[in-house]
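Here the structure comes first, spelled out in structure tokens, and everything after it is commentary.
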Amino acid sequence: MMREHTLKKEFTRKEDWLEDIFTNSNPQASLQSAETALRTFDIFCKVKVRLELEKHLLLESSKVHSEQFHEKELPELRKEMQQQRAQIDKLRQNECPRTKHDASKHGMTS
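What follows is the structure, given as structure tokens:
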């Protein structure tokens, strides 16, 4: 049969909890283990809260960016697209002219 553990006391302060452990068991190892467990749990909680906060901030910033994108009207988007196409065409026209390879200069004939 499984033994059910019940909560004997509830502590609201770390010092009270550590004092109870120390007075009931008294070995220094128990006290060190309890302090280590508290520090580990404290670090875990801080990291978890920080990660949740960063996740929340990231979602909020992406939501704002998405809303800003949708606020643009369709004519504005078309105008931007046309400007980008014009720039691409201009760049293509400014490319170095391609020269045809003249094989006869190298002693080759077809």
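Take the sequence shown: its letter number 16 is residue 785 in the numbering used here, and every next letter is one higher. We treat Cβ as the ideally placed atom computed from N, Cα and C, and that holds for glycine. Because the structure is a prediction, the values reported are computed rather than measured.
Query, Result
"Would you report the Cα separation of Val-816 and Thr-792, rounded to the nearest angstrom?", "32 Å"
"Can you list, in chain order, the residues of its chain whose CB lies under 6 Å from that of Trp-786, leaving out five sequence neighbours each side?", "Phe-780"
"With Leu-807 and Lys-783 assumed to form a contact (beta carbons below 8 Å), what rounded beta-carbon distance in angstroms separates them?", "6 Å"
"Quick check for students: name the residue ranges of the beta strand (DSSP E) that lie wholly in the region 787–819, counting only runs of 3 or more.", "none"
"Does the beta-carbon distance from Leu-800 to Ile-812 come in below 8 Å?", "no"
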